[in-house]
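Below is one structure, written out as structure tokens; comments come after it.
There are 4 protein chains.
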Amino acid sequence: MSGNSIGKLFTVTTSGESHGPALLAIVDGCPPGLELSEADLQIDLDRRKPGTSRHTTQRREADEVKILSGVFEGKTTGCPIGLMIENTDQRSKDYSKIAESFRPGHADYTYQHKYGFRDYRGGGRSSARETAMRVAAGAIAKKYLFQEHCVLVRGYLSQLGPIKIDAFDWNEIPNNPFFCPDAGKVEEMEKYIDALRKEGESIGAKIEVIASNVPPGLGEPIFDRLDAELAYALMSINAVKGVEIGDGFECIDTKGTKFRDEITPEGFLSNHAGGILGGISSGQDIIARIALKPTSSLRLPGRSINSKGEVIEVVTEGRHDPCVGIRATPIAEAMVAIVLMDHLLRHRAQNLHVNSGLPILR
Amino acid sequence: MSGNSIGKLFTVTTSGESHGPALLAIVDGCPPGLELSEADLQIDLDRRKPGTSRHTTQRREADEVKILSGVFEGKTTGCPIGLMIENTDQRSKDYSKIAESFRPGHADYTYQHKYGFRDYRGGGRSSARETAMRVAAGAIAKKYLFQEHCVLVRGYLSQLGPIKIDAFDWNEIPNNPFFCPDAGKVEEMEKYIDALRKEGESIGAKIEVIASNVPPGLGEPIFDRLDAELAYALMSINAVKGVEIGDGFECIDTKGTKFRDEITPEGFLSNHAGGILGGISSGQDIIARIALKPTSSLRLPGRSINSKGEVIEVVTEGRHDPCVGIRATPIAEAMVAIVLMDHLLRHRAQNLHVNSGLPILR
Amino acid sequence: MSGNSIGKLFTVTTSGESHGPALLAIVDGCPPGLELSEADLQIDLDRRKPGTSRHTTQRREADEVKILSGVFEGKTTGCPIGLMIENTDQRSKDYSKIAESFRPGHADYTYQHKYGFRDYRGGGRSSARETAMRVAAGAIAKKYLFQEHCVLVRGYLSQLGPIKIDAFDWNEIPNNPFFCPDAGKVEEMEKYIDALRKEGESIGAKIEVIASNVPPGLGEPIFDRLDAELAYALMSINAVKGVEIGDGFECIDTKGTKFRDEITPEGFLSNHAGGILGGISSGQDIIARIALKPTSSLRLPGRSINSKGEVIEVVTEGRHDPCVGIRATPIAEAMVAIVLMDHLLRHRAQNLHVNSGLPILR
Amino acid sequence: MSGNSIGKLFTVTTSGESHGPALLAIVDGCPPGLELSEADLQIDLDRRKPGTSRHTTQRREADEVKILSGVFEGKTTGCPIGLMIENTDQRSKDYSKIAESFRPGHADYTYQHKYGFRDYRGGGRSSARETAMRVAAGAIAKKYLFQEHCVLVRGYLSQLGPIKIDAFDWNEIPNNPFFCPDAGKVEEMEKYIDALRKEGESIGAKIEVIASNVPPGLGEPIFDRLDAELAYALMSINAVKGVEIGDGFECIDTKGTKFRDEITPEGFLSNHAGGILGGISSGQDIIARIALKPTSSLRLPGRSINSKGEVIEVVTEGRHDPCVGIRATPIAEAMVAIVLMDHLLRHRAQNLHVNSGLPILR
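Protein chains in written order, with our numbering: chain A, 20 to 381; chain X, 20 to 381; chain W, 20 to 381; chain E, 20 to 381.
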């Protein structure tokens, strides 16, 4: 399959550029009978939506999704679900000047190399705008997972530049524009981002996603392991440079007796593995973490070349997120949900009659 | 496709368990005309082979690969290449006692949940034994990439438990059993591993792979990005818990002006991105890093349950690597080579006539 | 991948029901730089469009396609091409009565079995309406194939019920509503269809597609042969019950000396094989033939059961084609073009440097 | 995926040439817990095996299959099943003379065009030898389908050249070398083939496969329909030039009232559709039919060219089937079983909780 599809049985295919008429997604493989309406998708789309706080790009997009097929009388039919989001606020003039230049840290140069030709308006296909459709498709997976197995896929921002969270409360996350679970850090983050914006700078962030109540057995060794496909899905998000499962890089300097999660009839005694053993879900929480790089679209000039290979200086005006991580939480949740959904279906296909007789340990 | 295949155009499918008669691989999609012999594959297989130093499992496997198809008169024909490695040293008795028990940190419990039944001998399919075929298939990709574009895919161990390298010399790597490029650290590593072994403990490691001379343009946005598929391929290796591209998690606390790699007509001024922009190779070195967890097979007893759900104590005798990272370098190289090979072919298919007119910057 | 995608490198994914808001297609994998506008797609859409003659359903659909992405400044960018056709003339009331009944010969019964729930309006996803998007996507493939290799993909109706063609002239095809290349048979066909319609009956048809100037080498043995994928693509069209390549079923009673197409330096002496040997194109014309069954939507009552399993009598009012074969020619052309396009790209990927030194024989 | 794999969830990947060391297959996706031994595969392999009667090639192959993985303690584990058949009777000298010549009607010319280089020994990958692995893999699918749903996949020869069967008895099929269900025609067929062999000629054949007790609901519209994938799988068999489902080409001159299979609470009143409606199994017998062309390997000289493009005369010595259709029945059964198996698994994944409340009609 070409590069714009993800998932083998729950297959999400998307199209659309930052400044084209519309974004599309075809979500193929959703089981029939799931109650679904545009409102179910809109919740997460609104969480991702730009322009909702002063800390994100001021581009104003309604991000209103339309369901064009696959749902009848309020329920999925098992046929592909067609989705459309029209682009409304496209200020293409902002971008015309970069038609011939390559913004450092952006995909302009590589798209030009690959395709010899590119839609430069707002980065075209390489714009984060594309992630809106990931969120819409992910919302379908999230709803199904919750209905079927009470699986909860939830994310939060665990670090913004130098600021790490100390406290944790799921209920705090909706109360601030950062998806930060530590109320005590919000003001610090706001000040930090305000300063960055004045400076014309940007910064990175760390996001963690936790999936609870995941049934054991999901994941297809040896290549399509659950952790491998989570890494694929999360690394495919714009600006992501690293992915961790469970303790991630901390495992390097940890000894085996500490790292191996011991098991008792009452449950596991720890979860260093992040809920995945041998590529298969164990029933414990799935824990995934990503690092997002700082935006490269800056007011501060950067050295580059143009399509003639000449030296130029790039200054990005226009409306940009000083930290793409701020809006990335719903996107990361969506990717985790899409992978879990796909693996839930794959698992069913081959293991319908399996009864391990084992308890489900958390 | 089911879970035991990787790659869309250069497709590697494997089978085989730790203690079954043989491992197989079918490598489908290698272009015709590549000179190939078993010796080309054996070089990397020998680098991965167990029992070559006192620091790895003492299981003795010849790991002799046979080419059973797809090569005629010393050249690939374009038809699938069939590979077989027979298992010779299988001490199944070592494992019989774990038939009913779940080793903590292993896939025993999850395989039992998924399949309701498992080949417990040496971990069956979940054993690291399976990686031999990744190495054999990767060697084909490596050779083709080098012949076609002088692409060099090389890895090394950058950290063993607490020991980080300070110096770097590609030429030192073959001179020690750790794939360590810092001669000054080898003795320290040897002492550390000897101590671990006495202790009955294990430890994690960090491996870095660098691919040089990669042509720009490889990678298929927006899901099948080069970095996303590298993350998938690397995370699919046993014991890997984290993947980084370029600066990876360091990007979180880095500012945009520093992170964005500026461009001059003479080349890029830095490579924080690790040679990938917007999911597409830029022509710079591809830099990928993985974290490997400590082995869970330990002499020191661990708490667990058996298949009846009863409390047991697990002690793993038998022959195990105190640090799986020691032998992981050729495996990581192989996975990177397989992904690059697949994307080289995918890129050609759609961009045959593209001439961006751009210089190739490194 | 789920069932609504076709093609590995030139991948067409569609969604949409007969009476939903719109049909969508995402065409992923079209090389960059192809000049493309909606007009290029509209030509074939208009050839398939219902209501253009008294011999087809009187449903009136503009079938106006919108390109929503993947084309910039009149050229394809290499990014996925998003297409939409809005449904305008949906007389759902015509269908409400069949909500609970299963029309014999239709997919109502099997959809109900599979999904337990269905969009009954006009057959929902199983309606021939879906083929509009095949035609739109196929038009892209056709244009590329012609630009790159002067490949011409052309079809015609070779039999309508009992009426077989005697004469053949490509130029006659656009002059009648049947895609019939034999002007002498058109009046007979018109009378036959008029009589059928009065009778309330329907009839089958045979369509032949010929692709000329196909480069030799297309097709991936041993499963993804060119003929195998043509059979798949053509059999996936509604109402198709048979597929032939070259002489097809005639080969059964033909002797080997007659069937094997002998070769001379000037070219092949015959084309019984239909341009494919060992699953790979030979350079001769690709010849494919399909049989389409008679429509099952009839005014004449048919016995069936309802969703309660009770005996009912089904009478289909509404607007239906007495012969679906009449409009099937552009659909069959589209499917052949999509397969050829996909295999052209697949062939390039692996055989870039191949020079067989052989002449191209026709 | 490259061309040597078939099936999305039940995935069969094969390798091997006519005169290489061995044929391999990796069967990925078989559910765990199926009792399986080499004997289960050998039954069908022996039915296909050459040299069992004077009417087929005298090449003597034991066709002994070895299971190298995926089966433990007599049961499948859910991990990939590795299969190997060693080639024993390879008389490569028979073929050396054709190294530079292209046998008319064979794949020599197209392989040379595609790959620029070929394994000419016995046709290499394009040899019917490859079908042995289809049969071995198909036997696994057949056994699972029968165990799970009492699905019976059975085929027979319905026409040999001009000789059509009149009577039908499943029990007669194993009693003759033709898989002919009409005892009264066997002698005529034997005489016909003897005469052909003397003449140095070959002839085509027609094979029909019937699958009984297929659960309703299998098939994934709109491209991966059950009939479309059957057409793909059957057309991928060497020498197949046509595929029919149900009445196939007869539907062209049949009226709608006759063709649509009416439904009663006791069952369908006919099965013109061949058990598939809208691409989904109805529960009725699946009926598929193929046409196989006459062998092109003949003692009688044929005109061709060599790799220099010069005129040559080709005479094929060596051991060949005068009618490849004679041994094709088990191969056709295998392909149908593989497709049904794949679709059974795909259906489960998405429709686990579906209860249509409908009776299963036959």
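C-beta atoms are modelled at their ideal positions from N, C-alpha and C, and glycine is treated no differently. The structure presented is a predicted model; accordingly, all values stated were derived computationally and were not measured.
Query                                                                                                                         : Result
Beta-carbon separation (whole angstroms), ALA214 of chain W vs ILE271 of chain E, contact threshold 8 Å                       : Not quite, the Cβ-Cβ distance comes to about 17 Å (not below 8 Å), so this is no contact.
Selection from E:LYS204, E:ASN194, E:ASP127, E:ARG365 that minimises the alpha carbon distance to THR71 of chain E            : E:ASN194
Bridge partners - LYS225 of chain A, DSSP secondary structure assignment                                                      : A:GLN178, A:ALA310
MET287 of chain A (DSSP reduced to helix, strand or coil)                                                                     : The question names Met, but residue 287 of chain A is Phe in the sequence shown. It is a strand residue.
Local conformation of ARG279 of chain E per DSSP, three classes                                                               : coil
Under 9 Å from the C-beta of VAL373 of chain W: neighbouring residues of chain X                                              : PRO50, PRO51, GLY52, GLY97
Straight-line gap, GLY141 of chain E to ARG148 of chain E (C-alpha atoms, nearest Å)                                          : 9 Å
DSSP beta-bridge partners of LEU102 of chain X                                                                                : X:ALA44, X:ILE86
Cβ neighbours of GLU167 of chain A in the same chain (closer than 7 Å, five flanking residues each side left out)             : none
Residue-chain proximity (MET20 of chain A, chain X), Cβ-Cβ < 9 Å                                                              : yes
Buried versus exposed, by CB contacts within 10 Å (16 or more), LEU317 of chain E                                             : buried
Contacts that LEU359 of chain X makes with chain W (C-beta to C-beta distance below 9 Å)                                      : None at all; the shortest Cβ gap to chain W is about 14 Å.
The region 97-104 of chain E / the region 35-45 of chain E touching (three or more Cβ pairs under 8 Å)                        : yes
Test item: CB-CB of ILE345 of chain E and THR75 of chain E under 9 Å                                                          : yes
Listed by chain order, chain A residues near GLU263 of chain X by CB distance under 7 Å                                       : LYS260, GLY261
Helix, strand or coil at ARG137 of chain E [DSSP, three-state]                                                                : coil
Cutoff 9 Å: THR150 of chain A Cβ touching any chain W Cβ                                                                      : no
CA-to-CA distance, THR95 of chain A to SER88 of chain A, given in whole angstroms                                             : 9 Å
Three-way DSSP call (helix, strand, coil) for ARG79 of chain A in this model                                                  : coil
Close-in-space but distant-in-sequence residues of the same chain around ALA353 of chain W (CB under 6 Å, 5 per side omitted) : ARG153, VAL154, GLY157
For ASP280 of chain W, the nearest candidate out of E:PRO284, E:LYS312, E:LYS274 (CA to CA)                                   : E:LYS312
Where ASP243 of chain W sits in the DSSP three-state scheme                                                                   : strand
Extent of the continuous alpha helix (DSSP H) to which ARG66 of chain E belongs                                               : 57-67
Expected contact under 8 Å - CB spacing of LYS260 of chain E and GLU263 of chain W to nearest Å                               : 7 Å
Reduced DSSP category for ILE379 of chain A - H, G, I as helix; E, B as strand; rest coil                                     : coil
Helix, strand or coil at GLY267 of chain A according to DSSP, with G and I counted as helix                                   : helix
Interface residues of chain E facing ARG137 of chain X [CB-CB closer than 8 Å]                                                : PHE91, THR96
C-alpha gap between LEU179 of chain X and VAL228 of chain X, whole angstroms                                                  : 15 Å
Straight-line Cα distance separating GLN61 of chain W from GLU83 of chain W                                                   : 7 Å
Inter-residue Cα distance where the pair is PHE293 of chain X and ARG244 of chain X                                           : First, the residue type needs correcting, since residue 293 of chain X is Gly and not Phe in the sequence shown. If you take the alpha carbons of GLY293 of chain X and ARG244 of chain X, they lie about 13 Å apart.
Pick from A:PRO40, A:PHE287, A:ALA252, A:PRO69 that is closest to GLY143 of chain A, judged by C-alpha positions              : A:PRO40
For ARG173 of chain A, the residue or residues it bridges with in DSSP                                                        : A:ILE229
Where VAL259 of chain W falls: helix, strand or coil (DSSP)                                                                   : strand
Nearest to ARG1 of chain E (by Cα), restricted to the options E:SER21, E:HIS339, E:THR314                                     : The requested residue 1 of chain E is not part of the displayed model; chain E covers only 20 to 381.
Local Cβ density within 10 Å of PHE242 of chain E, reported as buried at 16 or more and exposed below that                    : buried
Local Cβ density within 10 Å of VAL355 of chain A, reported as buried at 16 or more and exposed below that                    : buried
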